[in-house]
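Written below as structure tokens is the structure these notes are about.
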Amino acid sequence: MTFRPGPALPTPPGQVGNAAAAAPLTDGEWHRLHPLTPLLRGGIFLIVVLGYVLNSLRDQLVEFFIPGGGPQDDGDPVRYVYEHGAVGWVLLGIAVLLVVLIGLFYLSWRMHEFRVTGEIVEVRSGVLFRNHRKARLDRIQGINISRPIVPRLFGTAKLEIAQAGNDANVQLAYLGSKPAEDLRRRILVLASGAKEDDQQGPARASYGVLQDRLEEVFSPELDPEAVRATRIVKVHPGRLIASMLLSTTTVFLVLLVVAMVVSISVTGEYGILLALFPAVIGAGGYYVRKFSRSLQYTIAETRDGIRIGFGLVSTSNETLPPGRIHAVSVAQPLLWRPFGWWDIRINRATNAGNGQSTNQQASSIVLPVGRAEDVREVLDIILPGLVGTAVAGPRASQEQLREGSAEAVGVVDDSLTTSGDRGGFVHSPGRGAWFRPLSFRRNGYRFVQGAVLFRLGAVWRSLVIVPLPRVQSVRVTQGPLERALRLASAHVHTVQGPVSAHIGALDARDAQQLWSETARRAVEAAAVDTSHRWREREARLASATSAPDADGGAPGATPATGPAAPAWRTQDGPPGWDHVPTTGALR
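Okay, structure coming up:
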């Protein structure tokens with residue numbers, strides 16, 4: 005069976021913007037990576053070899069510049085080669101080795117190709133063992149661009165396309181920084197169902213290779229004009245440092261130090277301090293890595309989805325298309341409660357911890373630390389239907405959504421710190437205190453437009469949000485003790501990740517109601533969900549308004565009927581959940 009790729013999207017006529025610049029890479033033909041890819045991928049090995057050679061020549065270099073100024077080592081391999089007259093043979097061997105390595109790197113680069121069509125992204129690589137990967141555009145979970153420090157100095161970047169499943173990501177390492185950004189934008193245009201990228205970013209003027217490299221290295225990670233960001237949430241560096249100090253890791257280290265001090269004072273053995281050094285070094289490295297990776301952390305709302313970026317020396321930014329978030333958790337550790345801080349984590353249909361991805365942090369953490377207003381802003385970006393249509397209605401315009409935002413954010417406020425019936429939650433009964441002695445009054449669930457919410461924990465508070473189109477199954481369980489107390493537990497299954505949508509100690513009838521209602525709403529939500537092609541309807545409406553109607557209508561007339569609205573922000577507002585086909589139509 006021969007795979008025939010779909011037709012490539014043509015370059016819009018007369019456009020010279022970013023998408024048009026990337027159009028040659030999305031023409032359906034095979035292309036190669038950046039010419040410096042062999043050096044960047046195999047350069048570490050060459051650096052190690054060069055370091056060994058320089059270390060071996062150390063005595064000779066000292067002797068050359070300072071005659072008689074360095075010690076003479078009898079076991080020096082360079083001196084041995086020189087004294088036995090084998091310099092020529094050694095140089096010839098080094099030259100042959102370099103030629104072979106360069107040839108292998110060049111052959112590997114020649115055999116590493118990629119192409120982008122209207123349906124898939126393909127990458128094939130390998131000399132002896134061939135590897136062929138494909139990523140469907142409508143199944144892309146995110147596109148990440150990472151710039152480690154060394155490739156960043158050469159003006160290159162690594163583009164990684166996240167797919168569902170283990171070890172399913174597709175990497176393009178390395179591309180030029182500008183082509184990588186343009187290619188990501190073009191792939192998202194193809195995946196969204198849009199006909200063309202009609203809003204181009206500003207063109208950047210070039211001032212020479214050196215000046216361009218310096219500007220790229222020292223430029224901020226996020227350029228709002230380049231990505232057409234409408235809203236941006238940033239993490240304050242001081243708050244980030246304080247949140248790391250007020251973490252479970254810090255508490256563990258403090259307890260470890262206290263235990264060692266007490267042991268030394270009791271036993272008088274100062275050798276115990278030697279065991280403290282590895283812990284201090286490991287903790288210091290952990291804090292430095294986490295802080296450096298979390299600097300310049302930004303969450304931005306763009307036309308193509310949510311953009312999450314972070315990093316100072318080595319930067320990384322990822323764009324998550326709409327509808328790729330399967331569950332959201334808003335949590336507050338106990339030590340953060342006096343300051344009112346929260347973090348936000350998500351579940352995605354991709355495994356970023358498979359050893360291949362360089363974006364493990366952005367794959368699950370959306371907001372490392374923020375206040376309640378930051379939580380509302382981020383939730384409004386990643387789940388617009390939660391705080392928008394929940395109050396203003398499913399067919400509200402952008403202006404109506406903004407006018408009703410004061411009431412809409414109450415959905416979040418009534419879920420973070422409340423308990424009992426406040427906020428419309430169905431909570432555990434009094435007999436649930438046997439299983440949840442501290443949190444039985446806070447333990448509860450409620451439905452909003454397009455999502456189910458779980459309010460959990462009294463000491464460690466959390467709010468779990470599951471978009472109904474992403475629900476995979478619902479389970480209700482009841483153990484012998486729960487059966488005796490007429491209680492039950494419910495679990496809404498999504499893709500695997502750090503967020504678990506599980507709630508226990510519910511009244512058995514409430515748990516059954518949660519099961520049946522979630523199943524019904526999930527089927528209805530999935531029937532109208534078009535988030536995998538979030539700009540397709542917009543493109544069809546644009547085509548309809550630019551051409552006369554088939555029945556002879558006016559050129560600017562809008563069709564009375566059409567496909568469901570995309571699950572992202574458009575001029576018509578988010579989609580409604582009330583226009584659901586009947587059961588027979590679903591069949």
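Residue numbers (our numbering): 5 to 591. Even glycine gets a Cβ: it sits at the ideal position worked out from N, Cα and C.
Within the DSSP secondary-structure output, alanine 335 pairs in a beta bridge with Asp347 and Ser466. Ranked by Cα distance from arginine 114, the options Pro39, Val104, Val154 and Gly122 are led by Pro39. Note that the C-beta distance between lysine 162 and serine 150 is below 8 Å.
Looking from the CA of valine 480, the closest CA among Leu491, Leu472 and Arg474 belongs to Leu491.
Rounded to whole angstroms, the gap between the alpha carbons of glutamate 377 and isoleucine 369 is 17 Å. In terms of CA proximity to proline 502, Ile350 leads the group Ile350, Leu105 and Leu472. The shortest CA-to-CA distance from leucine 43 to any of Ala198, Leu105, Val131 and Arg119 is the one to Leu105.
Ranking Ser493, His497, Asp514 and Trp519 by CA distance to the CA of isoleucine 507 puts Ser493 first.
By the CB criterion at 8 Å, glutamine 167 and alanine 139 fall inside the cutoff.
By the CB criterion at 8 Å, glutamate 117 and arginine 36 fall inside the cutoff. Scanning its chain for C-beta atoms nearer than 8 Å, with the 5 sequence neighbours on each side dropped, one finds around tryptophan 464 the residues Ala335, Gln336, Pro337 and Leu338, in chain order. Taking the CA atoms as reference points, valine 292 sits about 43 Å from glycine 32. The residues Ser443, Arg446, Asn447, Ser466, Leu467, Val468 and Ile507, in chain order, have a CB closer than 8 Å to that of leucine 460 in the same chain once the five nearest residues on each side in sequence are set aside.
In this structure the segment 287-305 touches the segment 315-333; the number of beta carbon pairs closer than 8 Å is three or more.
DSSP, reduced to helix, strand and coil, places leucine 387 outside both helices and strands of the structure shown, so it counts as coil. From the listed residues Tyr274, Met248, Phe343 and Arg311, the smallest Cα separation to glycine 288 is found for Met248. Its Cα nearest to that of leucine 472, the residue Leu518 stands out among Leu518, Val262, Leu132 and Ser129. One alpha carbon belongs to alanine 530, the other to phenylalanine 281, and they sit about 54 Å apart. Taking 3 residues as the minimum length, the beta strand (DSSP E) runs contained wholly in the segment 114-165 are 117-120, 124-129, 135-140 and 146-151, in order along the chain. Around arginine 375, the same chain offers Gly344 and Trp345 as residues with beta carbons nearer than 7 Å, after the five sequence neighbours per side are excluded. According to DSSP, residue pairing for serine 493 in a beta bridge involves Thr481. A residue is called buried once 16 or more other Cβ atoms fall within 10 Å of its Cβ, and glycine 197 is buried on that count. Following the DSSP letters along the chain, one finds aspartate 31 in no alpha helix (DSSP H), marked with neither H nor E. Leucine 44 sits in a helix when the DSSP states are folded into three classes. Checking the DSSP bridge columns, you'll see serine 320 partnered with Ser150 and Phe314. In the DSSP annotation of this structure, the continuous segment of the alpha helix (DSSP H) that includes arginine 513 starts and ends at 512-532.
Taking C-beta atoms as the reference points, alanine 233 and threonine 323 fail to come closer than 8 Å.
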